[in-house]
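According to our numbering, the residues represented by the sequence shown are 90 to 316, in order. Idealized CB from N, CA, C, for every residue including glycine. Since the structure is predicted, the reported quantities are computational estimates derived from the model, not experimental observations. Structure first, then comments.
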Amino acid sequence: RLKKQWTAPIYAFFKPEVDIVEKGGRRAHRFHCFNRGCKASIVRYLDKNDARSTSNLHKHARKCWGDATVQAARETANATLAREGLEKLARNSDGSITAAFERTGKGKVTYSTTQFTRTETRAEIVRWVAENKRPFDVVKDRGFLRLMKTGRPEYWIPSPTTVSRDVKNVFVNVRRRIAKMLNEFEGELNFSCDCWTSPNHRAFAAFTVHLHVKGVPLRFLLDMVEV
90 RLKKQWTAPI YAFFKPEVDI VEKGGRRAHR FHCFNRGCKA SIVRYLDKND ARSTSNLHKH
150 ARKCWGDATV QAARETANAT LAREGLEKLA RNSDGSITAA FERTGKGKVT YSTTQFTRTE
210 TRAEIVRWVA ENKRPFDVVK DRGFLRLMKT GRPEYWIPSP TTVSRDVKNV FVNVRRRIAK
270 MLNEFEGELN FSCDCWTSPN HRAFAAFTVH LHVKGVPLRF LLDMVEV
């Protein structure tokens, strides 16, 4: 009966199968972490006033999955939708948290009140410089550092060399995933080519592919070469 009430997103971080155990003559629920690499379990006693408390569940989820993932799951406001996002994230270990939850959390953009970990900072900077065409050494810009470190001077910022390496690694992983997706795609693939000359009289050609996946139109730049 209690399980029907577990609709909060935090329950998505634990397996649906919950054990009922007895410890020292007290009945309790044992929740097992949903993360495949984690063997931890959280015990919640049923004879306490906080028998429905989720504080320990939140504590472990933040430790195991990271604050950004927990926040993204909370924005779905539903355990079922949050679990879909976690399953997508687990299947694509090199994918982004935003991409994993983008279909389930379509509301207003919100921001976490907790600071990024080093790994999360590197991921966010990779996305920023790639999407907005920023140079790698922007992380050494005086204004950027002032904005990032004012009020938290200890906040870690990666070096331009680290950003460059991360962007290249992400590119390799994304290229591999796109190639796999296109090879396994059973529908029609539409290719196009565009050629142009830059103001300094250099000619280029770009090749793109277009497809529909579950009703969503997608397009990818396959290559751009100088001709």
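Answer with buried or exposed for residue i, where buried requires no fewer than 16 other C-beta atoms within 10 angstroms of its C-beta.
i	result
residue 98	buried
residue 160	buried
residue 214	buried
residue 315	exposed
residue 302	exposed
residue 278	exposed
residue 162	buried
residue 211	buried
residue 149	buried
Helix, strand or coil for residue i per DSSP?
i	result
residue 154	helix
residue 106	coil
residue 134	strand
residue 119	strand
residue 230	coil
residue 243	coil
residue 312	strand
residue 175	helix
residue 144	helix
Looking at residue i: is its Cβ nearer than 8 Å to the Cβ of residue j?
i	j	result
residue 119	residue 130	yes
residue 50	residue 282	The structure shown does not extend to residue 50, since the chain spans only 90 to 316, so no value can be given for it.
residue 133	residue 140	yes
For residue i, report the span of its alpha helix (DSSP H) as first-last.
i	result
residue 294	Residue 294 -> not in any alpha helix (DSSP H); beta strand (DSSP E) instead, spanning 292-302.
residue 253	249-273
Can you tell me where the beta strand (DSSP E) with residue i in it begins and where it stops?
i	result
residue 217	That residue, residue 217, is in no beta strand (DSSP E); its alpha helix (DSSP H) goes 207-220.
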